[in-house]
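Quick note, the sequences are listed as chains A and B, same order. 1 is the number of the first residue of the first sequence in the numbering used here; add one for each residue after it. 82 is the number of the first residue of the second sequence in the numbering used here; add one for each residue after it.
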Amino acid sequence: MPTTEEVRADLAEIVNEVAGVPVNDVQLDKSFTDDLDVDSLSMVEIIYAAEEKFGVSIPDEEAKNLKTVGDAVAYIERAAA
Amino acid sequence: MSRIRVVVTGLGATTPLGGDVSSTWENLLAGKSGVARIEADWADDLPVKIAAQAAVDPAEILERVEARRLDRCAQLAVVAALEAWRDAGYGLREDNPVDRERLGVAVATGIGGMITLLSNWDIQKEKGARRVSPLSIPMLMANASAANVSLRLGARAGAHTPVSA
């Protein structure tokens, strides 16, 4: 069972790969769009990559509510449980 | 009919002979061939295993995040266009004195972003329509090369893609 920090770190790798954001900037309290400057197309790619990486499903209705890194990590932890 | 005078102010090239104009020209004059065996494994089952492939991978030259949003076709165009732009003595920021409203781009291509088209077709077959990249169209469209060069240079007078034989 991965820890919250492990999920955050894996998600940070994805955000870095897709949008070039430094991994250390991808912290739980950060908003994808406002703080990390991730645009909507990158968000779609990040969601897909997260689905693959964590083996979870993130339907569009859920994805649009994932505003911060913490939201995404919490969703992934619930979905993977 | 009035004659239009054209001036060539810069050259850029990325070819099977070299990743820029000078190495391409040097190898051309030296009589080198740009044809080589295709090492990639997708060529294993092909009857023809040789091709003239770009000597320098454009993805190695461009920033990773930018390269990621460009099909190889547009990557090659951007690399060559940037060399030509610099050769003309211009930069991309304050050192770009050209009036953007009078700067247009024309980059021809035979097909365009074929790799993006084929790989997203495979993805749709294997994983469903939802997994098709949201960037498929901007990457595979034939005018992607002209469009991305325009974006890089801030050109506002049009991006065109002539295709002819």
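For each residue, glycine too, the CB sits at the ideal point set by N, CA and C. As the structure is a computational prediction, the values presented were derived from the model and not from experiment.
Top-ranked residue by Cα proximity to residue i, from the options
i: Leu184 (chain B); options: B:Lys113, B:Ile119, B:Arg233; result: B:Arg233
i: Val129 (chain B); options: B:Ala135, B:Ala136, B:Glu120; result: B:Glu120
i: Ser200 (chain B); options: B:Ile142, B:Leu216, B:Thr105; result: B:Leu216
i: Ile46 (chain A); options: A:Glu5, A:Asp34, A:Gly20; result: A:Gly20
i: Trp166 (chain B); options: B:Gly235, B:Ser83, B:Ala246; result: B:Gly235
i: Trp123 (chain B); options: B:Ile196, B:Arg212, B:Ser231; result: B:Ile196
i: Val44 (chain A); options: A:Tyr75, A:Thr3, A:Leu66; result: A:Leu66
i: Asp168 (chain B); options: B:Val89, B:Arg149, B:Ile218; result: B:Val89
Supposed contact pair residue j and residue i - C-beta distance, whole angstroms, cut 8 angstroms
i: Gly93 (chain B); j: Glu175 (chain B); result: Gly93 (chain B) to Glu175 (chain B), Cβ: 22 angstroms. No contact.
i: Asp29 (chain A); j: Thr68 (chain A); result: 6 angstroms
i: Val102 (chain B); j: Ala189 (chain B); result: Wrong, their Cβ atoms sit about 18 angstroms apart, outside the cutoff.
i: Thr105 (chain B); j: Val137 (chain B); result: Their Cβ separation, rounded to whole angstroms, is 10 angstroms, which puts Thr105 (chain B) and Val137 (chain B) out of contact at 8 angstroms.
i: Val230 (chain B); j: Val179 (chain B); result: Going by Cβ atoms, the distance from Val230 (chain B) to Val179 (chain B) rounds to 13 angstroms, so no, they are not a contact pair.
i: Tyr48 (chain A); j: Arg145 (chain B); result: Not confirmed; about 18 angstroms, so no contact.
Beta-carbon contacts of residue i that lie in its chain and below 6 angstroms, excluding the five residues immediately before and after
i: Gly194 (chain B); result: Asp152, Cys154, Met220, Leu221, Ala225
i: Ala228 (chain B); result: Ala240
i: Ser31 (chain A); result: Lys67, Thr68
Exposure label - residue i; buried when at least 16 CB within 10 Å
i: Asn177 (chain B); result: exposed
i: Ala223 (chain B); result: buried
i: Glu51 (chain A); result: buried
i: Asp125 (chain B); result: exposed
i: Ala162 (chain B); result: buried
i: Ala80 (chain A); result: exposed
i: Val18 (chain A); result: buried
i: Leu157 (chain B); result: buried
i: Ala246 (chain B); result: exposed
i: Val273 (chain B); result: The requested residue 273 (chain B) does not occur in the structure, where chain B is confined to residues 82 to 246.
i: Pro59 (chain A); result: exposed
i: Arg86 (chain B); result: exposed
Same chain only: Cβ atoms within 8 angstroms of residue i, ignoring 5 sequence neighbours per side
i: Val26 (chain A); result: Arg8, Leu11, Ala12, Val15, Asn16, Leu36, Val69
i: Asn108 (chain B); result: Leu98, Gly99, Gly115
i: Arg118 (chain B); result: Lys130, Ile131
Residue i beta carbon near the ligand SAM (any heavy atom closer than 8 angstroms)
i: Glu207 (chain B); result: Questions concerning the ligand SAM fall outside what the structure shown contains, since it holds no ligand whatsoever.
Neighbourhood of residue i by C-beta, 7 angstroms cutoff - its chain only, sequence neighbours within 5 removed
i: Glu61 (chain A); result: none
Item to check | Contact set between the region 135-168 of chain B and chain A, restricted to residues whose Cβ is under 8 angstroms from the partner | outcome: Glu144, Arg145, Val146, Arg149
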